[in-house]
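J.: Count the sequence shown with the working numbering and you get residues 943 to 1173, in order.
Where a beta carbon is used, it is the ideal one built from N, C-alpha and C, also for glycine.
Note that this is a predicted model, so its numbers are computed, not measured.
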Amino acid sequence: MATLMARLLFFTWLILPFCGTEKARQRALRQRDAEYIERYNGCMQGPAGTPGRDGNPGANGIPGTPGFPGRDGLKGEKGECVRESFEEPWKPNFKQCAWKSLNYGIDLGKIAECTFTKMRTDSALRVVFSGSLRLKCKNACCQRWYFTFNGAECTGPLPIEAIIYLDQGSPEFNSTINIHRTSSVEGLCEGIHAGLVDVAVWVGICPDYPHGDASTGWNSVSRVIIEELPK
């Protein structure tokens, strides 16, 4: 009996280490399997599959709420005023009146007249008189040739005129000193309304000087040229 008990104890002493080792090994395996399952979601990862196709577009989402109003920006620089014009293109408008031989010997008064049709109010008139002028006198004298528009001299900006002045003349008006020279009176006048315009050339006196014996358009062609120009 004693011998049997001794054998059982000896066998138990031999078997217990192996059982503990086996249990420890099983626990390690179970722990590793649990970690593996936890890491890969319970399944072992296989090879990558074929990429799937794009899905259908989703429906529009709910509109977002309005944002906060923005702040006012810096004040800009003042712009230029541009007015668009729908007027027709500018067309030339001119006229010429000519006289073969005026031979006008008056000292004061109207010499010649030419009527012109002005198309626009915001335009200017260019006028030219070309013809022979003469002045003679005993003492100092001055004569003035000038334009009028509808009976008034130009005020936009100033009169259009030309003068001849003699300091020392001949002893008598019928002296042989009698020089006729082709001269011109020319200028631009603004501020004249559209429509018919009576353009005239006059002869008159110079301020503060006596007039002499004037002559206009002797033995030659005289002409008045009128042209409407854009401003």
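If we call anything under 8 Å between Cβ atoms a contact, is Glu1128 one with Val1069?
T.: In this structure, Val1069 lies closer than 8 Å to Glu1128 by Cβ.
J.: For Ala1054 and Ser1164, which I take to be in contact (beta-carbon distance under 8 Å), what is that distance rounded to the nearest angstrom?
T.: Indeed, because the Cβ distance is near 7 Å, the residues count as touching under 8 Å.
J.: Please classify Ile1134: is it buried, with 16 or more other beta-carbons within 10 angstroms of its beta-carbon, or exposed?
T.: Buried is the call here.
J.: Which whole runs of the alpha helix (DSSP H) in the stretch 1125–1168 are 4 residues long or more, in chain order?
T.: Listed in chain order, nothing qualifies, since the stretch 1125–1168 has no complete alpha helix (DSSP H) run of 4 or more residues.
J.: Which class does Arg1013 belong to by DSSP, given the choice of helix, strand or coil?
T.: Here Arg1013 sits in coil by DSSP.
J.: Use the C-beta contact count for Arg1013: other C-beta atoms within 10 angstroms, 16 or more gives buried, fewer gives exposed.
T.: By the neighbour-count rule (16 or more Cβ atoms within 10 Å), Arg1013 is not buried but exposed.
J.: Below 8 Å between beta carbons: does that hold for Leu1077 and Leu1108?
T.: Closer than 8 Å, so yes.
J.: According to the neighbour-count rule (16 or more other Cβ atoms, all chains shown, within 10 Å of its Cβ), is Arg1086 buried or exposed?
T.: It is buried - the Cβ of Arg1086 has at least 16 other Cβ atoms within 10 Å.
J.: Could you tell me if Ala1156 is buried or exposed, where buried requires 16 or more neighbouring beta carbons within 10 angstroms of its beta carbon?
T.: The residue in question, Ala1156, is buried, as its Cβ has 16 or more Cβ neighbours within 10 Å.
J.: For Arg995, does the three-state DSSP call read helix, strand or coil?
T.: Coil.
J.: Please state if the CB of Ser1162 and the CB of Arg1123 are separated by a distance shorter than 8 Å.
T.: No, these two residues do not count as a Cβ contact at 8 Å.
J.: Output the boundary residues of the beta strand (DSSP E) element that contains Glu1055.
T.: Run containing Glu1055: Gly1051 to Lys1060, per the beta strand (DSSP E) assignment.
J.: Leaving out the 5 sequence neighbours to the left and right, which residues in its chain are closer than 7 Å to Lys1052 when beta-carbon positions are compared?
T.: The answer, listed in chain order, is Ala1142 and Trp1144.
J.: The beta strand (DSSP E) with Thr1090 in it runs from where to where?
T.: It spans Cys1083 to Phe1091 - the beta strand (DSSP E) in which Thr1090 sits, taken as one unbroken run.
J.: Is Lys1173 helix, strand or coil by DSSP?
T.: It is coil, neither helix nor strand.
J.: Leaving out the 5 sequence neighbours to the left and right, which residues in its chain are closer than 6 Å to Ile1102 when beta-carbon positions are compared?
T.: The answer, listed in chain order, is Phe1089, Cys1096 and Gly1129.
J.: Would DSSP call Ala1104 helix, strand or coil?
T.: Reduced to three states, the DSSP call for Ala1104 is strand.
J.: Can you tell me whether DSSP reads Ala970 as helix, strand or coil?
T.: Note: Ala970 maps to helix in three-state DSSP.
J.: Between Leu1050 and Gly1159, how many whole angstroms is the CB-CB distance? I'm expecting something under 8 Å.
T.: Contact flag wrong, Cβ pair sits at about 16 Å.
J.: Pull up the distance between the alpha-carbon of Pro999 and that of Thr1007, whole angstroms please.
T.: The straight-line gap from Cα to Cα measures roughly 23 Å.
J.: Given Ile1168, which residues of its chain have a CB within under 7 Å of its CB, disregarding the five upstream and five downstream residues?
T.: If we look at Ile1168 and ignore the five residues flanking it on each side, its Cβ neighbours are Phe1036, Lys1037, Cys1056, Phe1058, Leu1067, Val1069 and Val1141.
J.: Please classify Lys1173: is it buried, with 16 or more other beta-carbons within 10 angstroms of its beta-carbon, or exposed?
T.: It counts as exposed.
J.: Take Asp1064 as the anchor and find which of Glu1019, Ala1136, Trp1041 and Cys1083 has the nearest alpha-carbon.
T.: When each option's Cα is compared against that of Asp1064, the closest is Ala1136.
J.: Can you pull the DSSP bridge partners for Cys1096?
T.: None, per the DSSP bridge assignment.
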